[in-house]
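Chains as they are written, first to last, in our numbering: chain W, 8 to 251; chain D, 8 to 251; chain F, 8 to 251; chain E, 36 to 306; chain A, 36 to 306; chain H, 36 to 306.
Quick reminder that beta carbons are idealized off the backbone N, C-alpha and C, glycines included.
The structure displayed is predicted, hence computed values, not measured ones.
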């Protein structure tokens, strides 16, 4: 993250490069039930970021010794397709992907009643088909509705989006240019109805006050995404035809 | 595979670079029982191609969970020695070796009564010591007699050889120069007495008619190799001394 | 190992580069019980060589199928820290580390009553924090007292040190310059009270007579180290406070 | 929740018996005729960051291909030719039986079938991808993802790879001495052939084209033949531990060529 | 002998109940106050073959960091900047639950937390580590070892890395045309910031700073915030499958900044 | 079908008792004297595509070595010397207890014993393998395969490697400026020494040379000593979890030197 002086990421009037206001999400599209051979699936587009999520399970754990007697194991895999980035990404999992798989799992886990499926495993596969910033949060948002489609009982959905600091201002939902040339990126996931934070990360530099501003701003984005998640689930269960 | 104009791989009269006719095999040497510390073994030379095959098993499956209750598992490993090729080959298994291990297994499996050894594993190890084309087919031919020595009951032997297209003509049993500069390579394995095809691959370009010609020509080669296989088995079981 | 003419590793009077006599050990410091979260631990400095050893176990074997019904399995891992050498060492285990892990295990194993802990595993982790020759022998010397702290019953301690040939003379306990520019390095481990050799290796060139001389000289070093080992164990069990 | 593979295998004989009974009446489980391909849908240019991309659906089977072009070094033995690299990943999304991680033998085999189909037919004019002889050539990566597995991933993958290549755009370049400058303008990847893989399954004595997942599960053998417009077959792969009769070879060829033509006509509409 | 992880997990609820009862009386298991850090000891220059090294003890938790500097190539997109590479290994010495071998997700996460703390704060003036623009720069390897695990490895590792960097010496160089000569004289690694990570655990409703191992075992969540002298926070990581309330964020920030100052004053004494 | 390793180990005490009873009468299971090597057969130049190759049989133990020579870069610290790379694979053909795949610790140890035997004795004149100082040298790969394991793979491998090296042919080269041209004519690999490894097993109190598989299975210890014509010992390796008495060292040396001479005389006949 480096502050590049030559690019004006945001005008005096608070208009961003792509025309958005400070507190505006990118265009978002979500669909549930886009795949047939898994327990649940969802597709999300947030700006140019495009992600396909599938849930497999609950199913018997293999190998058996990983199973827990009192609850299901949740496993997550965050992965980027080789063609998802400007430079081709090696398909081998990077250290970044290992870390994100972990924090995403820990963002989803608090919402799930895993104790209802003892001795099983639930797999969440998040495949980034096109990466334009915000992939971990869009991945969480989509994973949550895929888990719902798979019938895993939940306390609440999990909804995520990043706030960041760009041209000195705290803004919502960075795109790639803002992420690269801005000063900070802070992805946050919440259970919106319960008002609990399940993921919190920061890369960059924020003052105490900006931290506070960020946490306030993010809730606006999460609220909007939450209602899109519920809409996508309704569309799925009202029997509407869904396509990838 | 590229048609190199400058090399005349075959004359007008149908004589090939190494003096063979179109429907002629390379010189073949087969021996059964060349190793002491395995269940079955065979050594084959076909032209300059030299291959050593060993069978280990049937034996208890490790780890146990791979075992099948109703039949033995057949595993095959096709591997090339680092010194077997013109350029030294890395000993790590290539994608080509992974694929050939699979198609070879599927070429041998139809001939075996695997249900006679439930819960066990039978390993076939094919080591190419010198590669001069036709290694997968020579490997199958040798593996089949090594399995016979190991006492695995069979419907029929499996016998394999390639046909190909060289200088516009469909020919039997390509050598390396023909494989490299010719137009097509089509290895085929059969259970000769049962007249069943168990392996069929093609790399290169053939017309429908050439495809038909190839399937006809290959049977001549398979018939000859089949009789050499039986001869090698007879030599082994008549108690003749055998050496690597 | 190459004989570099320009460096005088040893004077006519038998004085070595670092001032030691032919039969003199480097300064040695040993401490037992330096770590809290393992079954036993020891730290050794021998010249500039610095090594930390921990023992974990006896504990249940994982995966279970590696367990032996009649005795504990001993596992050893010899590893060098990336910052332990002049050029940064890759943290991935080298073939040298694999070999040394094996010979170290076989040097320690004869001293242990492994049959007292059937079905368990005992792990010995040897981490070289700074390498200045003699790391395998110092690692063995330290591992032995860490195993004693862990309460594993023993026939005798195991004590190790190298002899070598430097400037034409057989000397005790090579340092790095002597190892690199000398003619031979012969690490030896013994159970000192039982007078049994448990490790013997040689790299370099020795005559029959030098081999004999080396085996005699090494016993002087082993005797001195043995008494330091016992002193370190007494210090640990007399309750003295110990720090890394 | 799918039972694990070993159990599936145990049940095969029974399922096969039912399916064979059905096939003996001349119809397939999903009502198709033996030589009837499922509906094929092709979408292209779906990912802007890729030089080319395509999604192919064959019924409920979905495969996606992304093409990335990078300047790189040629192989020493072909200094004046671009490089083609094809890989196929069976996404764990596509089936409960697919595991994430490095490709297993099935994924390796399938990606090599697709790769050979493109390569042996000389579909790409690699000599036109040379930029600085012996030094810089275009390296074309084709990464294929099986996303939803309802049978016949190979054909879906091969068609997706072909569609992505046919519609890919790579930058034009200007060579100044030893330097290569990428221009704003783009061109297509020069293609000589449109090789289309068609898979036929043999179940008992019946040959059925474009097998569904349940047909694959009980099939003795699958054969993929890749044919060109001219009728030339450029790649064949038998897979599965069953056998073929000699006459099957030409029967399968005829099916593959016929269906290949139909699919090639769909590709022609991509422009 | 520690029980295996799955069993531990089963017992968590019970241990947590006991610890919560204790916390409700205002004290921690080891007698500390909620905002009390354990005693921190820092030793530096302990390995002569490393350019810099440090051992940090937080109570019974021990981490060691070694810095090696080598001349190498810059990344293509930052041709005039040195390279920083941070890695953390959880030595099997440190805990019966650590396995030797390639880092698992916990080790990867922790090393990335330490790495980001140093990187995002721009603590190292990487532009001053450029030797020959585009060709030769200093590559700084920071290898951290967790040696004894009694809780809060992340802070111990981050402080050890920082202490090793602050006291490291790298050779001065002379550039002659395209050749780089290493001189006898040395200099420090140019540092702009002293980012200190501080970890706070949430157990039930209680926030405790610098969690011990038994606190970590029952904590719902750990949050590591790395702050700078100016009060800027340069990296945050929540880890663990629990949740935070919104007001926790600033409470944790305040704890992290306060404790960071204390630790920074210890580092100031290193000279 | 061999029982798995753990079971074998359980049975060792019983087998050892029987073998010791036999040894106490002065004979070995196969009738050999304690200092008697099995029949050694050496064939060379068996693979035309290798620069050198050899098959060595010691009784029923078979090892094969292939030498490939390639032009490559020297190591930075020895810019004027060729490179020797030795590796040993225990083919799964050789024993039911060998697994295919990357070498385990036994294979690594054995290949390092063979490697050190060749390297520490300076058997190859690496300086004569330099083609363009600092840029191009011959890299000599020696790949050894244990094919049939009836005991004493190390000696078979070391002798096969030596025989393959002694009979290898590498192209002569012509250096034109920075270019290296390979000529049609060939020369041998320049050798200074013929280091021969000889392995002695200790079973109870008995030292037996060239142990068979059943002897290895019950031996407490194996010691391999590599000696040169001059009597110099250039490499020693004790392996196995048993112990040696001090006088064993010279006894083993004397056996190794004596048998090494016999084997060296066989190698002399290769021409």
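Going by DSSP in three states, residue i sits in which element: helix, strand or coil?
{"i": "residue 216(E)", "result": "strand"}
{"i": "residue 233(W)", "result": "helix"}
{"i": "residue 256(H)", "result": "strand"}
{"i": "residue 120(W)", "result": "coil"}
{"i": "residue 11(F)", "result": "Here residue 11(F) scores only 46 on pLDDT, less than 50, and its place in the model should not be relied on; the value that follows carries that caveat. The answer is coil: DSSP assigns residue 11(F) none of H, G, I, E or B."}
{"i": "residue 42(H)", "result": "Summary for residue 42(H): the model assigns pLDDT 39, below 50, so the residue's position carries little reliability; its value from the coordinates is reported in the next sentence. Looking at residue 42(H) - three-state DSSP - the assignment turns out to be helix."}
{"i": "residue 120(H)", "result": "strand"}
{"i": "residue 20(F)", "result": "coil"}
{"i": "residue 183(D)", "result": "helix"}
{"i": "residue 110(A)", "result": "coil"}
{"i": "residue 176(W)", "result": "strand"}
{"i": "residue 104(A)", "result": "strand"}
{"i": "residue 4(D)", "result": "Missing from the structure shown is residue 4(D); chain D here goes from 8 to 251 and no further."}
{"i": "residue 194(F)", "result": "strand"}
{"i": "residue 138(H)", "result": "coil"}
{"i": "residue 298(H)", "result": "helix"}
{"i": "residue 187(A)", "result": "coil"}
{"i": "residue 291(A)", "result": "helix"}
Terminal residues of the continuous beta strand (DSSP E) containing residue i?
{"i": "residue 65(D)", "result": "56 to 67"}
{"i": "residue 131(E)", "result": "From DSSP, residue 131(E) is part of no beta strand (DSSP E); its letter is neither H nor E."}
{"i": "residue 86(A)", "result": "Neither: residue 86(A) is in no beta strand (DSSP E) and is coded neither H nor E."}
{"i": "residue 51(W)", "result": "47 to 53"}
Against residue i, what residues of chain H qualify as contacts under a CB-to-CB distance less than 8 Å, listed in chain order?
{"i": "residue 110(F)", "result": "144, 272, 273 and 274"}
Since I believe residue j is in contact with residue i (beta carbons under 8 Å), could you give me their beta-carbon distance rounded to a whole number of angstroms?
{"i": "residue 99(H)", "j": "residue 195(H)", "result": "6 Å"}
{"i": "residue 61(W)", "j": "residue 114(W)", "result": "Going by Cβ atoms, the distance from residue 61(W) to residue 114(W) rounds to 18 Å, so no, they are not a contact pair."}
{"i": "residue 281(D)", "j": "residue 201(D)", "result": "Because residue 281(D) is not part of the residues shown, which for chain D are 8 to 251, the question remains open."}
In chain E, what lies closer than 7 Å to residue i by C-beta?
{"i": "residue 102(D)", "result": "143 and 147"}
Looking at the unbroken alpha helix (DSSP H) that takes in residue i, where does it start and where does it end?
{"i": "residue 77(E)", "result": "First-last for residue 77(E): 75 to 79, but that is the beta strand (DSSP E), not the alpha helix (DSSP H)."}
{"i": "residue 92(D)", "result": "It is not in any alpha helix (DSSP H) - residue 92(D) carries neither H nor E in the DSSP assignment."}
Output, in chain order, the set of chain A residues within a Cβ distance shorter than 7 Å of residue i.
{"i": "residue 116(W)", "result": "276"}
{"i": "residue 105(W)", "result": "140 and 143"}
{"i": "residue 134(F)", "result": "126 and 128"}
Going along chain F, which residues have a C-beta under 9 Å from residue i?
{"i": "residue 269(H)", "result": "191, 209, 210, 211, 212 and 213"}
{"i": "residue 155(H)", "result": "8, 191, 209, 210, 211 and 212"}
I want to verify the contact list: residues of chain H whose CB lies under 9 Å from the CB of residue i, in sequence order.
{"i": "residue 113(F)", "result": "256, 273, 274, 275, 276 and 277"}
{"i": "residue 91(D)", "result": "82, 84, 85 and 101"}
Using a Cβ cut-off of 8 Å, pull out every chain F residue sitting near residue i, in sequence order please.
{"i": "residue 266(H)", "result": "214 and 215"}
### Message
Please list, in chain order, the residues of the region 203 to 231 of chain W that have any C-beta partner in chain A closer than 7 Å.
### Response
From the region 203 to 231 of chain W, only 203, 204, 205, 206, 207, 208, 209, 210, 211, 212, 213, 214, 215, 218, 219 and 222 have a Cβ closer than 7 Å to chain A.
### Task
For the region 118 to 132 of chain F, enumerate the residues whose C-beta is nearer than 8 Å to any C-beta of chain A, in chain order.
Listed in chain order, the positions of the region 118 to 132 of chain F with a beta carbon within less than 8 Å of a beta carbon of chain A are 130 and 132.
### Query
Of all the residues that make up the region 94 to 120 of chain A, which are near chain F by a beta-carbon distance shorter than 8 Å?
Listed by position, the residues of the region 94 to 120 of chain A near chain F (Cβ gap below 8 Å) are 95, 97, 99, 101, 102, 103 and 105.
### Message
Give me the subset of the region 229 to 256 of chain E whose CB atoms are less than 9 Å from a CB atom of chain D, sorted by chain position.
### Response
Within the region 229 to 256 of chain E, the qualifying residues are 255 and 256.
### Query
What are the residues of the region 160 to 178 of chain H that lie near chain D, defined by any Cβ-Cβ distance shorter than 8 Å?
Of all residues in the region 160 to 178 of chain H, 176 and 178 have a Cβ within less than 8 Å of some Cβ in chain D.
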